[in-house]
Amino acid sequence: KNEVEQSPQNLTAQEGEFITINCSYSVGISALHWLQQHPGGGIVSLFMLSSGKKKHGRLIATINIQEKHSSLHITASHPRDSAVYICAVSGGGATNKLIFGTGTLLAVQP
Amino acid sequence: ETGVTQSPTHLIKTRGQQVTLRCSSQSGHNTVSWYQQALGQGPQFIFQYYREEENGRGNFPPRFSGLQFPNYSSELNVNALELDDSALYLCASSLNPTGYGYTFGSGTRLTVV
Chain E
1 KNEVEQSPQN LTAQEGEFIT INCSYSVGIS ALHWLQQHPG GGIVSLFMLS SGKKKHGRLI
61 ATINIQEKHS SLHITASHPR DSAVYICAVS GGGATNKLIF GTGTLLAVQP
Chain P
1001 ETGVTQSPTH LIKTRGQQVT LRCSSQSGHN TVSWYQQALG QGPQFIFQYY REEENGRGNF
1061 PPRFSGLQFP NYSSELNVNA LELDDSALYL CASSLNPTGY GYTFGSGTRL TVV
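Chains as they are written, first to last, in the numbering used here: chain E, 1 to 110; chain P, 1001 to 1113.
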């Protein structure tokens, strides 16, 4: 079982829909990250959370530390939101390395 | 403020060859972490360099090695390439090893044939 699990693996939505991507983790963390990866590889950091909720434009990220669960919400989705969304956790320690989920492939259709 | 730059963007090598990938860290960041992302998988931690020293390593064999230079740029070297080394190699810089903000490069796509 992976230490970071995401669902769904694939998601197709119509433009304007509200989207939720879920992430569960089984290790102790110092922070949780939501990342966006476009075809071609480049990764962009969207959020870093250690508690509560953060909002940036149409994106909202929440985390429940007790339940070891986080969600990424996209309101009023748009085709340009199509990408892979990756949840990753920082485990702390000397390197604070990231442990990644396998990602959610989102396709928003016009 | 410059971001993280990786070079080359794409590379094709033959099994058994050696390869060097390069990464420039974001201005002000002294820590560089390397990740390998196989097709359809999440990235896996290879190692981290901090102030020119290896600061931690994932589950990768010794033929994966690295360097960090005084300007905090970094190299990833892979010897005796195997077909399974084909992947996207990502570099991420951070303010320090325990800094939580990461800046990622666009990656180097390595294909081993």
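Virtual Cβ for every residue (Gly too), placed ideally from N, Cα, C.
ALA83 of chain E is a Cβ neighbour of GLN37 of chain E, given a cutoff of 8 Å. For SER45 of chain E, the nearest beta carbon of chain P is closer than 8 Å to its own beta carbon.
Non-local beta-carbon contacts of LEU1083 of chain P in its own chain, meaning distances under 7 Å to residues more than five positions away in sequence, involve ARG1015 and VAL1112 in chain order. Distance from PRO1061 of chain P to LEU1090 of chain P at the Cβ level is roughly 19 Å; contact not present, criterion being Cβ atoms closer than 8 Å. Ranked by how close their Cα comes to the Cα of GLN1018 of chain P, the residues P:PHE1064, P:GLY1003 and P:GLN1006 have P:PHE1064 in first place. Secondary structure at ARG80 of chain E: helix, using DSSP grouped into helix, strand and coil.
In the structure shown, the three-state DSSP call for LEU1095 of chain P is coil.
TYR1102 of chain P has a beta carbon lying within less than 8 Å of a beta carbon in chain E. CA-to-CA, the gap between LEU1081 of chain P and LYS1013 of chain P works out to about 8 Å. For ASN1055 of chain P, the neighbours in chain E by C-beta distance under 9 Å run, in chain order, ALA94 and THR95.
In this structure, DSSP gives LEU1083 of chain P a helical state, which the three-state scheme calls helix. A Cβ-Cβ contact shorter than 8 Å links SER1025 of chain P with TYR1072 of chain P. Taken through DSSP and simplified to helix, strand or coil, ARG1063 of chain P comes out as coil. DSSP places LEU1039 of chain P in no beta strand (DSSP E); its state is neither H nor E. Close to LEU98 of chain E, with beta-carbon spacing below 8 Å, are these residues of chain P in chain order: SER1033, TYR1035, PRO1043, PHE1045, ALA1092 and TYR1102. An exposed status is given to LYS53 of chain E, since fewer than 16 other beta-carbon atoms sit within 10 Å of its beta-carbon. The bridge partners DSSP lists for GLU1053 of chain P are P:TYR1050. Across the set P:VAL1032, P:GLU1075, P:GLY1107 and P:GLY1105, the C-alpha of P:GLU1075 shows the shortest separation from the C-alpha of ARG1022 of chain P.
The beta carbon of ILE65 of chain E does not come within 8 Å of any beta carbon belonging to chain P, so the residue lies off that interface.
Apart from sequence neighbours up to five positions away, the residues of its chain that approach ALA61 of chain E with a beta-carbon distance below 6 Å are TRP34, PHE47, LEU49, LYS54 and LEU72, ordered along the chain.
For PHE47 of chain E, the enclosing beta strand (DSSP E) stretches over residues 43 to 49. Around the beta carbon of ASN1079 of chain P, fewer than 16 other beta carbons sit within 10 angstroms, so the residue counts as exposed. PRO1097 of chain P counts as buried, since no fewer than 16 other beta carbons sit within 10 angstroms of its beta carbon.
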